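Reviewing the structure listed below.
Residue numbers (the UniProt record's numbering): 1 to 230.
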């Protein structure tokens with residue numbers, strides 16, 4: 001995939017919850033290899049936007065296209081399979097399975113797409129090694145630090161070599177040092193070619209991405225390039 005290819009295209013996307021308009025006609029493009037931050041105050045529509053792109057929610061109006069696929073044309077089963085194959089998701093509170101050790105938390109993502117247990121565990125161990133937590137592979141989430149849990153979560157998100165990595169407040173539950181380490185890890189992945197979309201309320205983290213989409217009241221207020229993108 002070249003940098004000219006569009007990975008995500010939102011065209012006049014609206015999302016209404018009863019009388020509340022969460023998204024009021026949003027149009028955004030994300031190209032392959034970009035690192036894009038979506039920022040804005042609480043309730044501005046950041047997470048709703050991410051949920052649209054992930055196919056976790058459907059728009060009231062407008063079109064969401066990811067990897068050339070119009071998500072509205074997919075069934076719920078089709079959407080779940082599409083997410084597993086093409087998207088990697090990172091959450092603020094990690095969303096790891098408490099009753100599985102780190103290695104199995106990561107390997108499970110591969111098995112859910114049809115890979116064998118042996119293949120999945122080998123890939124998972126490789127990723128844990130690349131992210132610096134291979135030594136914690138047999139540890140359960142409760143025994144891991146916040147930074148370690150997020151690294152395991154990133155490994156899980158990368159398991160199926162996603163076209164797009166979606167991160168919803170990935171440093172929000174971490175202390176400043178662990179948060180900086182995780183953010184640097186995500187930017188290093190982007191430098192290696194990984195397309196990245198980060199939702200964050202932290203302007204300093206957003207400024208390290210290549211482009212910032214600022215949202216207000218369910219709309220894109222402006223898009224800009226940081227003065228000093230890392």
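Glycine included, every Cβ here is placed at the ideal spot set by N, Cα and C.
In this text, all values refer to a predicted model and were calculated from it rather than measured experimentally.
Per DSSP, reduced to three states, the secondary structure at residue 31 is strand. The closest CA to that of residue 146, considering only 115, 71, 102, is found on 102. Bridge partners of residue 51 according to DSSP: none are assigned. With 16 or more neighbouring CB atoms inside 10 Å of its own CB, residue 194 falls in the buried class. Residue 23 sits close to residue 13, with the two beta carbons spaced by under 8 Å.
Nearest in C-alpha terms to residue 148, of all of 108, 46, 173, 167, is 173. In terms of Cβ geometry, residue 156 and residue 109 form a close pair [threshold 8 Å].
Distance from residue 50 to residue 220 at the Cβ level is roughly 14 Å; contact not present, criterion being Cβ atoms closer than 8 Å. In the structure shown, residue 105 adopts helical secondary structure according to DSSP, grouped into three states. With 16 or more other Cβ atoms inside 10 Å of its own Cβ, residue 59 counts as buried. Around the beta carbon of residue 17, fewer than 16 other beta carbons sit within 10 angstroms, so the residue counts as exposed. Straight through space, the alpha carbons of residue 184 and residue 28 are spaced by roughly 25 Å.
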